[in-house]
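Novice: For what it's worth, full-length UniProt numbering labels the leading residue of the sequence shown as 1, then goes sequentially.
Every residue gets a Cβ at the ideal spot worked out from N, C-alpha and C, and that includes glycine.
None of these values were measured; they are calculated from a predicted model.
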Amino acid sequence: ERWVDFPANAGKESGGFETTPYGLHPYILMSWTGVLPDVYTLIHELGHAGNFIKINENNSILTSEPSLYLIESPSTFNELLLTHSLEQKSDDPRMKRFAYTTMLTNTYFHNFITHLLEAAFQREVYTLVENGQTFDGDKLTQIKMDVQKRFWGDAVDIDYNAGLTWMRQSHYYMGLYSYTYSAGLTIATQAYLKVLEEGQPAVDRWLEYISLGDQKAPMDAAKVAGVDVTTAEPLHNTIKFLNDTVDKVIALTEELNK
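(1) Going by DSSP, what residue range makes up the beta strand (DSSP E) through E18?
(2) If we count the other Cβ atoms within 10 Å of its Cβ and call it buried at 16 or more, is I61 buried or exposed?
(3) From what residue to what residue does the beta strand (DSSP E) around L29 run?
(4) Using 10 angstroms around the beta-carbon of V229, count the other beta-carbons present and answer buried if the total reaches 16, otherwise exposed.
(5) Do three or more CB pairs link the region 129-145 to the region 179-191 at distances below 8 Å?
(6) Can you give the Cα-Cα distance for H25 and Y172, rounded to whole angstroms?
(7) Using only the alpha-carbon positions, how far apart do E79 and A217 sit?
(8) Check the DSSP bridge columns for D5 and list the partner residues they point to.
(9) Go through the region 185-235 residue by residue and report every complete run of the beta strand (DSSP E) that reaches 3 residues or more, in order.
(10) Look up residue 263 in the DSSP assignment and say whether it is helix, strand or coil.
(11) Can you tell me the Cα-Cα spacing of A10 and M219, whole angstroms?
(12) With hydrogens ignored, establish whether the beta-carbon of V229 is closer than 7 Å to any heavy atom of the ligand PLP.
(13) Quick one: measure Cβ to Cβ for L117 and Q148, integer angstroms, because I've assumed they're closer than 8 Å.
(14) Excluding the 5 residues preceding and the 5 following F77 in the sequence, name in chain order all residues of the same chain whose CB lies nearer than 7 Å to its CB.
(15) Between W206 and the rest of its own chain, which residues show a CB-CB distance below 6 Å, the 5 nearest in sequence each way excluded?
(16) Check whether the region 39-46 and the region 61-71 are in contact - that is, three or more C-beta pairs closer than 8 Å.
(17) On a CA-only basis, which of S75, G34 and K12 is nearest T19? Give me that one, please.
(18) Answer with buried or exposed for Y160, where buried requires no fewer than 16 other C-beta atoms within 10 angstroms of its C-beta.
(19) What do you get for E72, buried or exposed, if any count of 16 or more other CB atoms within 10 angstroms of its CB means buried?
(20) Starting from the C-beta of P93, find all residues in its chain whose C-beta is less than 8 Å away, skip the five residues before and the five after it, and write them out in chain order.
(21) Using C-beta distances below 6 Å, list every residue in its chain close to G213, excluding the 5 sequence neighbours before and after it, in chain order.
(22) Report the CB separation of E87 from Y100 in whole angstroms; it is logged as a contact under 8 Å.
(23) With DSSP run on the structure shown, which of helix, strand or coil describes T134?
(24) Which class does Y160 belong to by DSSP, given the choice of helix, strand or coil?
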């Protein structure tokens with residue numbers, strides 16, 4: 001029914017996008033080439049689609065737009081469900097490792113780290129403007145390098161070329177909401193872990209959460225899903241989840257190398 005525009009046509013916009021006009025069905029724009037990252041893109045956008053279907057069922061048009069702080073939680077929650085499904089349905093340690101490493105590199109490195117560093121870069125640039133200062137390309141490159149050095153410390157060598165990566169992100173000129181990915185994925189991770197631990201009660205809370213729209217402020221909305229973002233606990237728990245996943249990858253690699 002053409003809800004998903006998936007052919008990889010020449011000149012087509014890259015990436016994945018979803019929109020749900022109020023009162024209508026969702027539309028998804030992406031390019032499908034049949035590889036696993038495309039599956040993650042589709043499941044991510046379907047998370048948005050499901051979110052807005054539930055919102056439109058439970059809200060008037062006046063409260064049908066959730067806060068940007070929350071907007072990426074249903075999409076990244078779906079990615080976690082996909083990884084869980086891939087891992088659970090295979091007895092092959094290679095497949096399990098593939099599922100975990102895809103989650104680490106796609107879901108978390110992209111959404112949890114890359115977008116966080118983009119948001120930190122944006123904040124530095126906005127601060128310059130708010131203070132009446134200006135900048136050129138060299139200044140933006142230096143800001144990008146400084147942000148990455150502060151984050152990675154001695155763990156990663158940051159060279160001049162790394163500072164140039166601000167040039168590749170066209171979203172900067174379109175009002176990119178980078179911070180929402182890290183915030184949303186933190187909420188999604190905690191909700192996902194609660195579903196694994198509690199089962200249906202956590203599922204019911206999640207369905208209520210994604211139906212809220214703009215009925216509640218972000219902190220109160222997250223509490224509906226059982227996540228308290230007024231504390232550092234969700235962030236710390238998410239980091240622990242990542243550490244545990246890395247340990248699983250190491251253990252699977254050792255098993256495969258025997």
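Specialist: The short version:
(1) If you number the sequence shown from 1, residue 18 lands on position 18. Here the beta strand (DSSP E) through E18 covers F17 to T19.
(2) Numbered from 1 along the sequence shown, position 61 holds the residue referred to as residue 61. So I61 ends up on the exposed side.
(3) The residue labelled residue 29 in the question sits at position 29 within the sequence shown. Counting along the chain, the beta strand (DSSP E) containing L29 begins and ends at Y27 to L29.
(4) Against the sequence shown, residue 229 aligns to sequence position 229. Buried.
(5) no
(6) Residue mapping note: residue 25 aligns to position 25 of the sequence shown, counting from 1. Residue mapping note: residue 172 aligns to position 172 of the sequence shown, counting from 1. So the alpha carbons of these two residues sit roughly 29 Å apart.
(7) On the sequence shown, position 79 is the one that residue 79 refers to. On the sequence shown, position 217 is the one that residue 217 refers to. Their Cα atoms are separated by approximately 25 Å.
(8) If you number the sequence shown from 1, residue 5 lands on position 5. Note: D5 sits in a beta bridge opposite L29.
(9) none
(10) The question about residue 263 has no answer here: the residues shown for the chain are numbered 1 through 258.
(11) Position 10 of the sequence shown holds residue 10. Position 219 of the sequence shown holds residue 219. Roughly 43 Å separates the two Cα atoms.
(12) The ligand PLP is absent from the structure shown, which contains no ligands of any kind.
(13) Looking up residue 117 in the sequence shown gives position 117. Looking up residue 148 in the sequence shown gives position 148. With a Cβ gap of about 6 Å, L117 and Q148 count as contacting.
(14) In the sequence shown, the residue the question calls residue 77 occupies position 77. Contacts found: G47, A188, A191 and Y192.
(15) One-based indexing of the sequence shown puts residue 206 at position 206. Excluding positions up to five away in sequence, the list reads A191 and A225.
(16) no
(17) Counting from 1 along the sequence shown, the entry for residue 19 is found at position 19. For T19, the nearest C-alpha among the options comes from S75.
(18) Against the sequence shown, residue 160 aligns to sequence position 160. When all chains shown are included, Y160 counts as exposed.
(19) Translated into positions along the sequence shown, residue 72 becomes position 72. Buried, since its Cβ has 16 or more Cβ neighbours within 10 Å.
(20) Position 93 of the sequence shown holds residue 93. Same-chain partners within the cutoff: L252, E255 and L256.
(21) Locating residue 213 in the sequence shown gives position 213, where the first residue counts as 1. Cβ neighbours of G213 beyond the five flanking positions: I55, N59, T63, S64 and P66.
(22) Within the sequence shown, residue 87 is the residue found at index 87, counting from 1. Within the sequence shown, residue 100 is the residue found at index 100, counting from 1. Right, their Cβ atoms sit about 7 Å apart.
(23) Walking along the sequence shown from the start, residue 134 turns up at place 134. It is coil, neither helix nor strand.
(24) Here residue 160 is taken as the residue at index 160 of the sequence shown, counted from 1. In this structure, Y160 counts as helix in the three-state DSSP scheme.
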